[in-house]
């Protein structure tokens with residue numbers, strides 16, 4: 045089986061197409077159509093109409109949506125073509141989306157960035173490239189955005205009453221340790237560790253240990269996301 049193209053390879057191809065495109069190229073399809081068959085199910089491709097002077101009037105059209113299975117209900121609602129003013133998370137819009145596309149238009153060159161952000165009740169991590177229309181004599185009319193999504197996690201919060209044993213268990217679980225291995229590390233019986241894990245699952249409302257690990261990581265990320273420009 046032929047290996048799938050990576051985000052880096054696809055981005056490089058898009059950059060080559062952008063560099064070789066004529067000034068004022070009217071359609072973004074000339075940039076994204078040649079690479080559309082290379083896109084993976086975890087990638088999102090959008091075109092943003094940036095002609096309005098007010099960024100809230102920009103319009104985003106989803107060319108390819110995120111296609112991996114997920115039970116996170118936010119994802120479907122986030123992948124609708126709409127004006128920026130209709131986007132359901134105003135903080136993400138203001139801190140992440142608008143700076144990305146306004147910045148690309150102002151700089152008149154492609155911009156790449158790794159992003160970790162919270163959208164509604166979902167934590168998302170992705171690599172992104174934004175390519176503005178080349179237009180040396182006027183303002184760009186459109187931008188292409190390609191996102192390579194690494195993971196989606198539900199927003200979670202960590203109980204501040206957790207002691208050092210709870211935190212140690214969570215850390216060792218993320219490292220793939222078994223209950224017996226964790227007990228050995230913490231000098232506790234594996235049954236004590238199992239009881240502690242049951243308590244942690246209850247606190248996080250986790251269905252199982254993998255879910256607990258994911259929610260624990262999400263709780264940490266939820267407190268450390270930064271605005272993206």
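Numbering (my numbering), first residue to last: 45 to 273.
All residues carry an ideal CB built from backbone N, CA and C; glycine is no exception.
Source: prediction; values computed, not measured.
Rounded separation between residue i and residue j - CA only
i: residue 272; j: residue 143; result: Below a pLDDT of 50, predicted positions are generally treated as unreliable, and residue 272, at 38, falls in that range; the measurement from the model is reported next regardless. If I take the Cα positions, the gap works out to 7 Å.
i: residue 104; j: residue 225; result: 50 Å
i: residue 275; j: residue 232; result: The displayed coordinates of the chain run from 45 to 273. Any statement about residue 275 would go beyond what the structure contains.
i: residue 165; j: residue 250; result: 16 Å
i: residue 52; j: residue 101; result: 31 Å
i: residue 94; j: residue 63; result: 20 Å
i: residue 260; j: residue 182; result: 48 Å
i: residue 107; j: residue 179; result: 23 Å
i: residue 148; j: residue 157; result: 12 Å
i: residue 212; j: residue 257; result: 12 Å
Residue i, enclosing alpha helix (DSSP H) - first and last residue
i: residue 93; result: No alpha helix (DSSP H) holds residue 93; the beta strand (DSSP E) holding it covers 87-93.
i: residue 120; result: 118-122
i: residue 238; result: 234-248
i: residue 227; result: 223-230
Three-state secondary structure (DSSP) of residue i
i: residue 161; result: strand
i: residue 79; result: helix
i: residue 166; result: strand
i: residue 67; result: coil
i: residue 199; result: coil
i: residue 172; result: strand
i: residue 112; result: coil
i: residue 56; result: helix
i: residue 138; result: helix
i: residue 207; result: coil
Best match in the options for proximity to residue i [C-alpha to C-alpha]
i: residue 186; options: 58, 227, 177 and 194; result: 177
i: residue 82; options: 58, 239, 72 and 170; result: 58
i: residue 116; options: 199, 107 and 159; result: 199
i: residue 193; options: 223, 161, 218 and 206; result: 161
i: residue 274; options: 153, 90 and 72; result: The shown model of the chain, from 45 to 273, leaves out residue 274, and the question about it has no answer.
i: residue 169; options: 191, 153 and 113; result: 191
i: residue 80; options: 97, 69, 65 and 50; result: 50
i: residue 72; options: 48, 207, 174 and 220; result: 174
i: residue 254; options: 234, 221, 163 and 129; result: 221
i: residue 88; options: 189, 68 and 65; result: 189
Limits of the unbroken beta strand (DSSP E) element including residue i
i: residue 103; result: 103-108
Identity of the residues DSSP links to residue i by a beta bridge
i: residue 186; result: 93
i: residue 193; result: 170
i: residue 127; result: 103
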